[in-house]
Amino acid sequence: MKTILLTGFEPFLDYPVNPTMRIAEELDGTTVGDYQICTRILPVDFAKASARLIGVIREVEPDVTVSLGLAAGRYKITPERIAVNVKDGAADNEGHSPVDEPIEEEAADAYFSTLPVRGMADALLEAGLPAEISNTAGTYLCNNVMYAGLHYAKTEKPKMKSGFIHIPASHELAIRHGKIPSWSHGDLLRGVRICLEVIAGVSKVE
Ligand code: PCA
Numbered sequence: 387m388k389t390i391l392l393t394g395f396e397p398f399l400d401y402p403v404n405p406t407m408r409i410a411e412e413l414d415g416t417t418v419g420d421y422q423i424c425t426r427i428l429p430v431d432f433a434k435a436s437a438r439l440i441g442v443i444r445e446v447e448p449d450v451t452v453s454l455g456l457a458a459g460r461y462k463i464t465p466e467r468i469a470v471n472v473k474d475g476a477a478d479n480e481g482h483s484p485v486d487e488p489i490e491e492e493a494a495d496a497y498f499s500t501l502p503v504r505g506m507a508d509a510l511l512e513a514g515l516p517a518e519i520s521n522t523a524g525t526y527l528c529n530n531v532m533y534a535g536l537h538y539a540k541t542e543k544p545k546m547k548s549g550f551i552h553i554p555a556s557h558e559l560a561i562r563h564g565k566i567p568s569w570s571h572g573d574l575l576r577g578v579r580i581c582l583e584v585i586a587g588v589s590k591v592e
């Protein structure tokens, strides 16, 4: 059986719940087609998140790495097309806020996702879930982890596919936050499963 490593993130900034955590927890150990899903939660910490991801990739040896992140304020599930070699953003959970720093010195400016971003967006729409490809994962931790996974694949593990999917807030988070659009946990979970089915080649939508 092949393996998909699925990562979520811990809560951060003024988001006391990260819906990616519950999704990762519920999908851990499940199967999609020929793939076993193995999940981990990453820290919102510029100094540790990439190294944690690479450590887990070395441990799990996945065929595919899919990272999930919360994009609070977005209305759709958005597979990310591109990761850029920039760290810049609000304070992480350790209080660090880098300004205009490269993630990797002397490395590619950007990497394209090697996940089927168009297929995932189309399958979500076909299933009645709002979705579109996003052309920016920002410059915060989500972009950082996406870049790290793709850089590792490019330099060390060329057969591994890798990429990132941003999801909207859950109702649970929206109630606590007060000012962001949200989806039910059930729809978020269904959406992520549909993306995994496209990756696994078992999506009913062609
Ligand atoms: N979203 C943030 C970091 C953690 C998360 O879930 C981001 O979009 O960068």
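In the numbering used here, the protein residues as written are 387 to 592. Ideal placement from N, C-alpha and C gives every residue a C-beta, glycine not left out.
| Query | Result |
| --- | --- |
| Span of the beta strand (DSSP E), counted from its first residue to its last, around ARG426 | 421-428 |
| Buried versus exposed call for THR451 [16 or more other C-beta atoms within 10 Å across all chains shown] | buried |
| Where the beta strand (DSSP E) containing ILE390 begins and where it ends | 388-395 |
| Euclidean distance between Cα positions of SER483 and TYR526 | 9 Å |
| Start and end residues, beta strand (DSSP E) containing ILE551 | 547-553 |
| Among VAL588, VAL470 and ASP474, the one whose alpha carbon lies nearest that of ALA494 | VAL470 |
| From ASP400, GLU466, THR416 and ILE409, residue whose alpha carbon lies closest to that of ALA523 | GLU466 |
| Beta bridge counterpart(s) of LEU454 as assigned by DSSP | ILE551 |
| Alpha carbon of PRO502 to alpha carbon of ALA509, nearest angstrom | 11 Å |
| Between the CA atoms of GLY419 and GLU592 - distance to the nearest angstrom | Interpretation of GLU592 is limited by its pLDDT of 48, a score under 50 that renders its predicted location unreliable; no figure is taken from the coordinates. |
| Bridge partners - SER520, DSSP secondary structure assignment | GLU466 |
| Nearest-angstrom Cα separation, counted from ALA560 out to GLY459 | 10 Å |
| Per DSSP, cross-strand counterpart(s) of SER568 | ALA555 |
| Proximity winner among GLU480, MET407 and PRO402, relative to LEU575 (alpha-carbon distances) | MET407 |
| contact_flag[the segment 512-519, the segment 485-494] where n(CB pairs < 8 Å) is 3 or more | no |
| Opposing strand residues paired with TYR497 [DSSP bridges] | ALA469 |
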